[in-house]
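Peer 1: The structure is given below, and queries will be raised subsequently.
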Amino acid sequence: MSDIQIVGAPAGVEGAGFFATSLDKAVGLARANSLWPLPFATSCCGIEFMATMASHYDLSRFGAERLSFSPRQADLLMVMGTIAKKMGPVLRQVYLQMAEPRWVMAVGACASSGGIFDTYSVLQGIDEIIPVDVYVPGCPPRPEAIIDGFINIQKLVKTESLRRRNEPEYQKLLASYGIQ
Amino acid sequence: MQNHPVYSDNDPQNELSTLNLGPTHPATHGVFQNVLQLDGERIVSGVSTIGYIHRAFEKIAEHRPFYQITPLTDRLNYCSSPINNMGWHMTVEKLLGIETPKRVDYLRIIVMELARISDHIICNGVLGVDTGAFTGFLYMMEYREAIYEIYEEVCGSRLTTNIGRIGGFERNFNAIAFSKLRKFLKEFPPVLKEFESLFNRNRIFVDRTKGVAEVTAEAALSYSWSGPLLRAAGVDYDVRAMNPYSSYEDFDFEVPVGENGDVYSRFLVRNEEMKQSLRLIEQALVKLEKEPTDIFHADVPEFYLPPKEEVYNNMEALIYHFKIVMGEVPTPATEVYHSVEGANGELGFYLVNDGGRAPYRLHFRRPSFINYQMYAPMSRGMLLSDAIINMSSLNVIAGELDA
Amino acid sequence: MGKITNEELLKNINTKFEGQLTLVGEPFGLLTLETGREQIIDILTYLKTDLSLQFIYLTDITAIHYPEQEKPIGVIYHLHSLINNVRIRIKVFLPDGDFHIPTATTVWDGANWMERETYDYFGVIFDGHPDLRRILNVDDMTAFPMRKEFPLEDPNRVDKKDYFFGR
Ligand code: SF4
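Chains as they are written, first to last, in the numbering used here: chain W, 50 to 229; chain L, -12 to 390; chain F, 714 to 880.
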């Protein structure tokens, strides 16, 4: 017997020979368990991400086996490390290149708020240039914390309405960053 | 090099293409940008751009008291933070004329050599990944976790360790730390051996690395290379042996030297250094047995922050705590240069002090920064795939590169 | 430790460059000299090539800013003689408004980025440098951040109003 567990079915109506649920839930389930992260690792936090990916902590257990280094195929942008002002436009460009649906996770104090570097050259949090879904605190966060952040992203993905990206609220958020 | 086709001048194939490698390219393991001119797959010229995570360490350091600079040094070469921490502490101790007890020196050596091992694990493991062998990386990373667990026992943190205080350690090593260390010393050597047997004579690996990016000793010296890279090129310059600090002179170790400075000999040098580090740790453990077990910092109450319980319950400790935090202890107004052998080379601290609580000027001599500048010139004429491997064997750490 | 002592070193340099160097001191055993920018490259070349000295290893180039001095910016060279295992520090102070100094890239290839960094931080112009551009900061920056008058924190921040901190 293998001890691999299969993810449970969402709430729905079950009967003899059929199972009905809403499309939202089915799609959310599929998306949440096969997120393709784009590791945007710039500095120290990136090394902790390496540990998260490696054998000991193994992020693949959560369906993130496939790292996507191309923004076009990525669902989740994981920003790990200090983003200097010189890097800001690059990060924004990467975000713009990602296709909807896309989520962003700011890992570490630097990506969330600039961290200990309150200086002229460091961007004080990536949320100045792109919207962020989940912030993971820590300098660097432990791999467990990164995984926790990832699980929170999964929750978001699961429960999000399929059409959230078309909602006026979301449009407004993007517009506030100057993104069409 | 060989087999390079020669095109005539008006051949359309003669056109060069431009490739922008980075700053977020997965093969660069960090934020380095190189704009390369390619003729087919061969690099004709390249321009490196750096500074993508410039965090202004030196400017921050001018605004922080000495003991608050330790966390900054963590973030220089974050794969081996303890070496940076210790280097900084030793610089300040040199400035203030603090003599550390032998036991502190030995404990420091244990921590620094562990850091060196963890850094080399990453570099050599990733070099394996870049040549197409993921296995070695996974084997070795497991033991980096073991090293991190030892750090956790000593200081509570994994990566950005902030180990130690000016004058010694914040607290003594506990029994678990020693038992984990012994366990590591027992379990790691066979894995290292297995790692070596996976790579050293592996046909694919040797073909990909041998003779790639050869560097002569003269060129390496002219570019001020240091550390494993310089040693791989055949110069036996190791700060630990040449200007011993932290009682390295009491130890018996060898400085491995390579032959022609190519990627393969850098790999071998790093592996050999891990073995030497293990030897150093073992010797340190033996030496520690003869030392009193309760000493873990120098007796310098004006500079060593007292433990918190003391501060709350003891008048004298409170006064010292206050004095240190408010920066009221006079420090000599002079300048000092101190260097340690970081995992990537000579890590130097040039500190100019004007007697205040913060340095007047602090400059880090960052080996990655200095080592990396040869990258673009040496890539000329190389195949693109070789240049990638060359980059990972330079082991440039972005934090240290950009400061 | 070193095979030549600081006195011998000083004597050797002084016989060659009579009166062109002043002794600053020997903090922690590291001989520190000061000189002018006219002869700095000659001195560096001599130190590198002289057979008894052989300071072949350029450890570092950096600078320092003393705003209240008449010559506010000092460029500092650290050299290391690997054969004799002795180090030397040489300082050159530059007058206000005229931060020019000849480049050391003619002596060591490795001086290239060190000088670019110094330019980026302090605005010291290394004459003859092959590619003197900013290296760490963004290209369109106009100020030189390591000068003392430049603030550490970004002055354009909007989320750091004093009243949030009760100031
Ligand atoms: S949050 Fe801390 S560990 Fe992470 S990148 Fe910033 S300084 Fe490094």
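The beta-carbon is built from N, C-alpha and C at its ideal position, and this holds for glycine as well.
Is the beta carbon of R169/L closer than 8 Å to that of S170/W?
Peer 2: no
Peer 1: By Cβ distance, which residues of its chain are closer than 6 Å to Q203/W, with the 5 residues on each side in sequence left out?
Peer 2: A81
Peer 1: If you measure from the beta carbon of L760/F to each beta carbon in chain L, is any gap under 8 Å?
Peer 2: no
Peer 1: Indicate, with yes or no, if ligand 1 has a heavy atom lying under 7 Å from the CB of I165/W.
Peer 2: Within the cutoff, so yes.
Peer 1: Which residues, in chain order, does the segment 847 to 876 of chain F contribute to contact with chain L at a C-beta distance below 7 Å?
Peer 2: Within the segment 847 to 876 of chain F, I848, L849, N850, P858, M859, L865 place their CB atoms closer than 7 Å to a CB of chain L, listed in sequence order.
Peer 1: What does Q142/W touch in chain F if you count any residue whose Cβ is under 9 Å from its own?
Peer 2: Residues of chain F passing the Cβ test: none, with the nearest at roughly 15 Å.
Peer 1: Which same chain residues end up closer than 6 Å to V56/W when comparing Cβ atoms and leaving out the 5 residues on each side of it in sequence?
Peer 2: N82
Peer 1: Do you know whose CA, among L116/W, D107/W, G95/W, L145/W, lies nearest G187/W's CA?
Peer 2: Among L116/W, D107/W, G95/W, L145/W, the Cα nearest to that of G187/W is on G95/W.
Peer 1: Would you give the residue range spanned by the beta strand (DSSP E) that G787/F belongs to?
Peer 2: 786 to 794
Peer 1: How far does the beta strand (DSSP E) with T775/F in it reach, from first residue to last?
Peer 2: Per DSSP, the unbroken beta strand (DSSP E) holding T775/F starts and ends at 770 to 778.
Peer 1: Taking the CB atoms as reference points, tell me whether I97/L and G154/L lie closer together than 8 Å.
Peer 2: Not a contact, by the Cβ cut-off of 8 Å.
Peer 1: Answer with yes or no whether the minimum CB distance from I104/L to chain F is below 8 Å.
Peer 2: Using a Cβ-Cβ cut-off of 8 Å, I104/L does not count as an interface residue toward chain F, since no Cβ of chain F sits closer than that to its own.
Peer 1: Hey, out of A220/L, I384/L, Q55/L, N382/L, whose CA is closest to R152/L's CA?
Peer 2: Q55/L
Peer 1: Closest to L267/L by CA distance: which of F192/L, A330/L, L101/L is it?
Peer 2: Nearest C-alpha to L267/L: L101/L.
Peer 1: Go through its chain and collect everything with a Cβ distance to P190/W's Cβ below 8 Å, but skip five positions before and after it.
Peer 2: C94, E97, V156, G157, G198
Peer 1: Between the segment 212 to 223 of chain L and the segment 175 to 184 of chain L, are three or more C-beta pairs nearer than 8 Å?
Peer 2: Counting Cβ pairs under 8 Å, fewer than three are found: no touch.
Peer 1: Please confirm if V323/L has its CB atom under 8 Å from at least one CB of chain F.
Peer 2: yes
Peer 1: Below 9 Å on C-beta distance, what does A390/L contact in chain F?
Peer 2: E830, L849
Peer 1: Do L760/F and L807/F have their C-beta atoms within less than 8 Å of each other?
Peer 2: Cβ atoms of L760/F and L807/F: not closer than 8 Å.
Peer 1: Take I726/F as the anchor and find which of L743/F, L766/F, E739/F has the nearest alpha-carbon.
Peer 2: L766/F
Peer 1: Nearest-angstrom Cα distance between A160/W and Q752/F?
Peer 2: 48 Å
Peer 1: Any residues in the segment 198 to 210 of chain L with a beta carbon nearer than 7 Å to a beta carbon of chain F? Which ones, in chain order?
Peer 2: L208, S209, Y210
Peer 1: Using a Cβ cut-off of 8 Å (strictly closer), state whether I357/L contacts chain W.
Peer 2: no
Peer 1: Please list, in chain order, all residues of the same chain as T758/F whose beta carbon is under 6 Å from its beta carbon, the five residues on each side excluded.
Peer 2: Result list for T758/F: V820, in chain order.
Peer 1: May I have the straight-line CA-CA distance separating D185/W from M154/W, to the nearest angstrom?
Peer 2: Note on residue identity: the sequence assigns Val, not Asp, to residue 185/W. Cα to Cα, V185/W sits roughly 7 Å from M154/W.
Peer 1: Considering just the uninterrupted stretch of the alpha helix (DSSP H) at L72/W, what are its terminal residues?
Peer 2: 72 to 81
Peer 1: By the DSSP assignment, the alpha helix (DSSP H) with F863/F in it spans what residues?
Peer 2: Counting along the chain, F863/F falls outside any alpha helix (DSSP H), and DSSP gives it neither H nor E.
Peer 1: Where does E97/W sit, in a helix, a strand or coil, going by DSSP?
Peer 2: Three-state result, E97/W: helix.
Peer 1: Just the C-alpha distance for A58/W and C66/L, rounded to the nearest angstrom, thanks.
Peer 2: 42 Å
Peer 1: Measure the beta-carbon distance from T118/L to R195/L and round it to whole angstroms, keeping in mind my assumption that it falls under 8 Å.
Peer 2: 5 Å
Peer 1: Does A60/W pass the burial test, meaning 16 or more other C-beta atoms within 10 Å, or should it be called exposed?
Peer 2: exposed
Peer 1: Is DSSP giving M(-12)/L helix, strand or coil here?
Peer 2: Interpretation of M(-12)/L is limited by its pLDDT of 41, a score under 50 that renders its predicted location unreliable; the figure taken from the coordinates is listed afterwards. In this structure, M(-12)/L counts as coil in the three-state DSSP scheme.
Peer 1: Can you name the start and end residues of the alpha helix (DSSP H) that Q146/W belongs to?
Peer 2: Counting along the chain, Q146/W sits inside the alpha helix (DSSP H) bounded by residues 137 to 146.
Peer 1: On the CB-based measure, 16 or more other CB atoms within 10 Å of its CB, does D281/L come out buried or exposed?
Peer 2: exposed
Peer 1: Y226/W CB to nearest chain L CB: under 8 Å?
Peer 2: no
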